[in-house]
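K.L.:
Sharing a structure below in structure tokens format, with a few things to ask.
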Amino acid sequence: MPARRLFAASSAALLSGLGLALSTPAAAHASVQPAAAGVTDFSLGRLGATTGGLLGLAALVIAVLALTRPASRLGIATGSLGATAAVVAGLVAMALGALVASTADGGLGTGNGLGGAYVALLLGLAGAALGSRALTRSRRTG
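Using our numbering, the first residue of the sequence shown is number 8, and each one after it goes up by one.
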């Protein structure tokens, strides 16, 4: 996946999440204050943010392994498996993070997974960027 397509796909995912966030009427949120979730409650927002964060972390680890150990199974010397997996996992993590961030009621600390969504966005972006770099390197050497 060329870097141009990667950036286009990631910006499209971020803009679609922003569009979803802006499409909800502000008056509906101003009249109803959401109750904060308890510490032990595990809502769908927290589940989505946790899944996105773990997927972004996996993308980052796979991308670093593909770049630093080229002769390994996930490395770029044996093909582009690790680099492709890192790019795909990073993009999915970014999409999950954008979805949770755009649908979260309330701000940080309310238990809706908004903080985890931001972490998923950052880790997914880093994993996809490093995976794209590894993919570019594997195509140059192969």
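Note that CB positions come from ideal geometry on N, CA and C, so glycine has one too.
Going by DSSP in three states, R76 sits in which element: helix, strand or coil?
P.N.:
The residue you call residue 76 lines up with position 69 of the sequence shown. Note: R76 maps to coil in three-state DSSP.
K.L.:
Would you mind sorting R140 into buried or exposed? The rule is 16 or more other CB atoms within 10 Å of its CB.
P.N.:
Along the sequence shown, one-based indexing puts residue 140 at 133. Answer is buried; the Cβ neighbour count reaches 16.
K.L.:
Under a three-way DSSP split, which group does L2 fall into?
P.N.:
Outside the displayed span of the chain (8 to 149) sits residue 2, for which this structure offers no information.
K.L.:
Shortest alpha-carbon distance to V107 belongs to which of L121, G116 and V99?
P.N.:
Residue numbering aside, residue 107 sits at position 100 when the sequence shown is read from its first letter. Measuring from the Cα of V107, the nearest candidate turns out to be L121.
K.L.:
Alpha helix (DSSP H) containing L106: first to last residue?
P.N.:
Sequence index remark: in the sequence shown, residue 106 carries index 99 (1-based). Residue range L88 to T110 is occupied by the alpha helix (DSSP H) that includes L106.
K.L.:
Could you give the distance in angstroms between the alpha-carbon of L128 and the alpha-carbon of A92?
P.N.:
The count along the sequence shown starts at 1 and reaches residue 128 at position 121. The count along the sequence shown starts at 1 and reaches residue 92 at position 85. When rounded, the distance between both Cα atoms is 17 angstroms.
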